[in-house]
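Just below is one structure, and these are the notes that go with it.
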Amino acid sequence: MEKSLLLAFLLLHIIPAESGFGVGGGFGVGVHTGGGGGGGVGVGVGDGGGGRAVWIGEGINGQTQPGPSVSNLNKAYTALQAWKSAITDDPLGILRTWVGSNVCAYKGVFCVDSTDPQTEMADPTGPVVAGIDLNHAKLQGTLVQELSLLTDMSILHLNSNRFTGTVPESFKDLPSLTELDLSNNNFCGPFPTTTLLMPNLIYLDIRYNNFTGPIPEDLFNRKLDAIFLNNNNFDGQIPQNLGNSQASVISLANNMLSGDIPFSFGYMGPRLKEILFLNNQLTGCIPEGVGLWQGLQVLDVSVNSLMGHLPDSLSCLGEIEVLNFGHNKLSGILPDMRPQPECSLIPGGNLNCLRMPSTKPLVCGARALAQTTKIKP
């Protein structure tokens, strides 16, 4: 211990005063002695602001620089090194930083101090991997099963890469994941149902890929706030329980979906702000209950084969900003239940209305309810 104190004393005299630590930054001295057979000793001095640090001594077990707690990051190291081995092209050289056991220093990997779920106090076991953001990294490769070892990860953003293959089934074992963005890649296969088993997922973005097959019914039973499935090759009918969704944004555009828009579409919750069906193969009518959505801002059903009249309840959409019915077989006019909306034609289409006024008569809800009967999906 005397040796440790001597090192600390010497270090304070080695660092010149003019080196500066920044206003209000302060600095600290830490003395560490080896334990459990390590036998090392070291002194660390930091500026308190993360900008400058000095470490002197052998450290523990011969390590010359202290790193994050091994207990939380061993599995993360295993997962990320397995994934690195499955990446075949890295034109930006991002993975050159993925060396060594300190995964918190890897580019695109973000760590936070762990907390005890019982006390919500800092966990002395050290940091955990909380997120991976590799958007626009241009990586080519596949996802690996070992990524499920990142059980503390809440965000996985892989937008605009060149990943192929499918989403591993082991992803169901990511209990902390809240945001999954796999958009703008080359993933294929059926809808990744493993995403429906993630208990805390609220943001799902798999647009601009090559997924095929039907959309699973259970998707709209999950507590998702954002669902982006557009620009894939999904086919079949939209599940009849669409109205069960609690999402604020749903995009099913640019697929090969067919059949009617589900009747429950007219009775979606007040959270819904945007819903896009454009450029599919949908038929039938627009459900009459569409006007019951008090907060709807964007509705686009253009480029389909919808027919019939425009629902009278459309004039009850007090917050609508974009309303696009172009390239369908619809008839009728927007009902005169409030001041006429300001309409402008979108080139190549008709019945496309933008920036409808927000003034809404009090009778809107009553009239819409009188015209329709709510049926549970």
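Quick note on numbering: the sequence shown equals residues 483 to 859 in the numbering used here.
Note that the Cβ used here is the ideal one computed from N, Cα and C, for glycine as well.
Every value quoted in this text rests on a predicted model; they were computed, and no experiment measured them.
DSSP on residue i, reduced to helix/strand/coil?
i	result
Val626	coil
Leu494	Unreliable placement is indicated for Leu494, whose pLDDT of 39 sits below 50; no coordinate value is reported for it.
Lys589	coil
Ser730	coil
Ser567	helix
Thr572	At residue 572 the sequence reads Asp, which differs from the Thr that was named. Coil, per DSSP.
Gln779	coil
Ile725	The identity of residue 725 in the sequence shown is Gly, whereas the question assumes Ile. Helix.
Leu739	strand
Gly718	strand
Leu555	helix
Gly748	helix
Leu577	helix
Ser652	helix
Glu801	coil
Ser795	helix
Ile701	A small fix is needed here, since residue 701 is Leu in this sequence, not Ile. Helix, per DSSP.
Leu562	helix
Leu631	helix
In the DSSP output, what is residue i paired with across the bridge?
i	result
Gly790	Leu812
Asp707	Partner(s): none; Asp707 has no beta bridge.
Ile637	Gly613 and Glu661
Val772	None, per the DSSP bridge assignment.
Pro672	Thr694
Phe645	Gly623
Glu756	Val731 and Val780
Thr765	Asp742
Asp687	Asp663 and Phe710
Val594	Val610
List the whole-angstrom C-beta distance separating residue i from residue j, where the pair is believed to meet the contact cut-off of C-beta under 8 Å.
i	j	result
Ser795	Glu770	6 Å
Ser652	Ile688	That belief does not hold up - the Cβ atoms of Ser652 and Ile688 are roughly 17 Å apart, past 8 Å.
Val610	Asp634	4 Å
Gly647	Phe669	7 Å
Glu628	Ala561	4 Å
Gly862	Ile743	Because the chain here runs from 483 to 859, residue 862 falls outside it and cannot be looked at.
Phe592	Ala612	6 Å
Whose C-beta lies closer than 8 Å to the C-beta of residue i among residues of the same chain, with five residues either side of it excluded?
i	result
Asp700	Thr675 and Leu678
Ile576	Lys589, Gly590, Leu616, Ala619 and Leu621
Ile697	Phe673, Leu711, Phe716, Gly718, Ile720, Pro721, Leu734 and Leu739
Ala587	Thr579
Gln763	Met738, Leu739, Ser740, Asn786 and Ser787
Val505	Note that Val505 scores 30 on pLDDT, short of 50, meaning its location in the model is unreliable; the coordinates nonetheless yield the value given after this. No residues qualify anywhere along the chain.
Trp775	Met750, Pro752, Leu754 and Leu799
Asp663	Asn617, Leu638, His639, Leu640, Asn641, Tyr685 and Asp687
Leu706	Leu683, Ile684, Tyr685, Leu686, Ser727, Gln728 and Ala729
Met680	Phe653, Lys654, Leu656, Pro657, Leu659 and Leu662
Phe645	Leu621, Gln622, Gly623, Thr624, Leu625, Leu664, Asn667, Asn668 and Phe669
Given that a residue counts as buried once 16 or more other Cβ atoms are within 10 Å of its Cβ, and exposed if not, what is residue i?
i	result
Pro752	exposed
Asp571	exposed
His639	buried
Arg704	buried
Ile815	exposed
His791	exposed
Met750	buried
Val581	exposed
Leu574	exposed
Gly671	exposed
Met789	exposed
Ser636	buried
Ser787	exposed
Asn556	exposed
Ser813	exposed
Ser567	exposed
Arg837	Summary for Arg837: the model assigns pLDDT 37, below 50, so the residue's position carries little reliability; its value from the coordinates is reported in the next sentence. That one is exposed.
Less than 6 Å between C-beta atoms, sequence neighbours within five positions excluded: which residues of the same chain meet that for residue i?
i	result
Asn682	Thr660
Phe710	Asp687, Arg689 and Ser733
Tyr685	Glu661 and Ala708
Asp782	Leu758, Leu760 and Asn806
Asn714	Asn691, Phe693 and Asn737
Ile569	Leu621 and Gly623
Pro793	Ile768, Glu770 and Val772
Ser784	Leu760, Asn806, Gly808 and His809
Val626	Ala564, Trp565 and Ala568
Answer yes or no: does any C-beta atom of chain D fall closer than 8 Å to that of residue i?
i	result
Leu758	Protein chains in the displayed structure number just one, and chain D is not present.
Near residue i, which residues of its chain fall below 7 Å by C-beta distance, leaving aside the five closest residues on each side in sequence?
i	result
Leu778	Leu754, Lys755, Leu799, Glu801 and Ile802
Phe702	Pro721, Asn723, Leu724, Asn726 and Ser727
Asn643	Leu616, Ala619, Lys620, Leu621 and Asn667
Val585	Leu555, Ala558, Tyr559, Leu562, Val591 and Val611
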